[in-house]
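All you need for the working numbering is the position in the sequence shown, starting with 1, plus 16.
In this text, a Cβ means the ideal position worked out from N, Cα and C, and glycines have one as well.
See structure below.
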Amino acid sequence: MKPDTVRPDALRLDAMGAVSSTPFTAEALTGTVVSIKANYYSVQLEGMAEEALPQISSGEKPVLLCIRRGLLKKLGQQIMVGDRVTVEEPDWQGGRGAIAAIHPRRTFLDRPPVANVDQVLLVFAIAEPDLDTHQLSRFLLKAESTGLSITLCLNKCDLVTEEIAHQWQDRLAGWGYTPLMVSIRDDFELPKRLLTALQGKITVLAGPSGVGKSSLTNRLIPAQNLRVSAVSGKLSRGRHTTRHVELYELPNGGFLADTPGFNQPDIVTTAEALGDLFPEIHQRLTDKSCQFSNCLHRDEPGCAVRGAWERYEHYLLLLEEVIKQQQALLHKGEAEATEKVKMLEDGKILHEPRLEAKKYRRTSRKTRNQAFQELCLDLSEVSDLEDLEDLEDLGR
């Protein structure tokens, strides 16, 4: 999904849930939510002196374990990893606090749920497990749908020859991407090469399981020492080692969000907007336009996109998938509009047709009596007894 753009200045939420124009005071504690576990939020504070929490190490920023204020819950304000928040009533001895307000988000992702993301670092393995082009294409489309900048990183290049690595570079260049070829195990210059690009930003580390995301985090931030697992020998697939989203502060500033691996990310878009996620289609439409403005690039005449390019097959398969999703949502909406669901005493669910009120329902006695009373509101205008008798007959 595309990120929602909001104002960068931090504003308060008033009691009715609206955004107030009163900025946060300088005395307020401001921090970033770095992890969420159950109903507890770890908030790394900004601009705090290290002596505020005497138990932390030198150079380390204070982190408070916070709860959410009841008002935020009543207003339906959900807190996400990456949110900048205001913390009140800090307990420095116990390292605790309470989140009182959420700052406006610059961007947010729904899956993985991270706020204020600046870029996506998409990691894939060139071997063990073997690189699946359909899977890679889905991840790239999901990353493109966020509207954020994308850095594609191909790991485990030490397991293939230089010739194969160059072939993949040339192949992905045809897709519109310049992959960064790395080996987390042998590339000693890797931290220096990546940290410059990640400095001062919140970067989401995404990719399927088993490609080395946690290992990459350990190389960039050795102090984290995240758990890693080998690829399954039977299934040739990665094992899930990251269970939840968490932000890790980089040595030179910024955060890296390690996320759980997904083998098949969902593509939520429309058939008309799917083509916007392919750089190859952008390139072809720059040189020449289609005959029809609503062209889906299948069998329409005068199409400038249809042709011999590698991911055209991927596009057609995903187009069918998106069309089926749209039809399913449409059918669901029609079913909800034409059916009503009843729960019987034995727990069974009964679907009945929803009747049109004006067409099938008989007018109630209350409605008939109200209509009669409206006719009798001004009896003074009845000129003779016959008119009164006509009204009484109508009431019967």
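Between residue i and residue j, what straight-line distance do the alpha-carbon atoms span, to the nearest angstrom?
i, j, result
"residue 221", "residue 291", "25 Å"
"residue 113", "residue 82", "5 Å"
"residue 239", "residue 198", "21 Å"
"residue 57", "residue 232", "25 Å"
"residue 341", "residue 286", "9 Å"
"residue 301", "residue 186", "22 Å"
"residue 89", "residue 52", "15 Å"
"residue 172", "residue 310", "42 Å"
"residue 160", "residue 294", "8 Å"
"residue 266", "residue 219", "10 Å"
"residue 188", "residue 296", "11 Å"
"residue 163", "residue 121", "15 Å"
"residue 93", "residue 316", "46 Å"
"residue 191", "residue 110", "53 Å"
"residue 123", "residue 134", "8 Å"
"residue 80", "residue 331", "47 Å"
"residue 260", "residue 196", "26 Å"
"residue 210", "residue 149", "24 Å"
"residue 77", "residue 234", "19 Å"
"residue 107", "residue 206", "40 Å"
Once you ignore the five residues that flank residue i on each side, which residues in its own chain have a CB closer than 6 Å to its CB?
i, result
"residue 216", "269, 270"
"residue 105", "114"
"residue 14", "Nothing in the structure corresponds to residue 14, since the chain is present only between 17 and 412."
"residue 143", "172, 175, 176"
"residue 399", "Caution is warranted here: a pLDDT of 49 is assigned to residue 399, below 50, making its placement in the model unreliable, and the coordinate value is therefore given only provisionally. Taken in chain order, the list of residues that qualify is empty."
"residue 322", "313"
"residue 194", "none"
Can you list, in chain order, the residues of its chain whose CB lies under 8 Å from that of residue i, leaving out five sequence neighbours each side?
i, result
"residue 46", "26, 40, 61, 62, 63, 100, 101, 102, 103, 119"
"residue 338", "283, 285, 286, 287, 290"
"residue 138", "155, 156, 159, 166, 167, 168, 169, 222, 223"
"residue 136", "159, 162, 164, 165, 166, 167, 219, 220, 222"
"residue 86", "none"
"residue 147", "140, 141, 170, 184"
"residue 280", "151, 154"
Given that a residue counts as buried once 16 or more other Cβ atoms are within 10 Å of its Cβ, and exposed if not, what is residue i?
i, result
"residue 327", "buried"
"residue 97", "buried"
"residue 313", "buried"
"residue 274", "buried"
"residue 208", "exposed"
"residue 35", "Its pLDDT being 37, under 50, residue 35 is placed unreliably in this model, and the value from its coordinates should be taken loosely. Result: exposed."
"residue 346", "exposed"
"residue 140", "buried"
"residue 333", "exposed"
"residue 324", "exposed"
"residue 262", "buried"
"residue 225", "buried"
"residue 229", "buried"
"residue 387", "exposed"
"residue 131", "buried"
"residue 366", "exposed"
Is residue i close to chain B? Criterion is C-beta to C-beta, closer than 8 Å.
i, result
"residue 173", "No chain B appears in this structure, which consists of one protein chain only."
For residue i, I'd like the list of residues in its chain whose CB is within less than 7 Å of its CB, leaving aside the five on either flank, ordered along the chain.
i, result
"residue 201", "174"
"residue 320", "300, 301, 304, 305, 306"
message = Give the list of continuous beta strand (DSSP E) stretches no shorter than 3 residues that lie fully inside the stretch 130-164.
response = Counting only runs of 3 or more, we get 135-141.
message = Quick test of the definition: if touching needs 3 or more C-beta pairs under 8 Å, does the stretch 155-162 touch the stretch 179-187?
response = Contact between the stretch 155-162 and the stretch 179-187 is absent, because fewer than three Cβ pairs lie under 8 Å.
message = Runs of 3 residues minimum, wholly inside the stretch 253-308: which ones carry the beta strand (DSSP E) assignment?
response = The stretch 253-308 contains these whole beta strand (DSSP E) runs: 262-265, 271-274.
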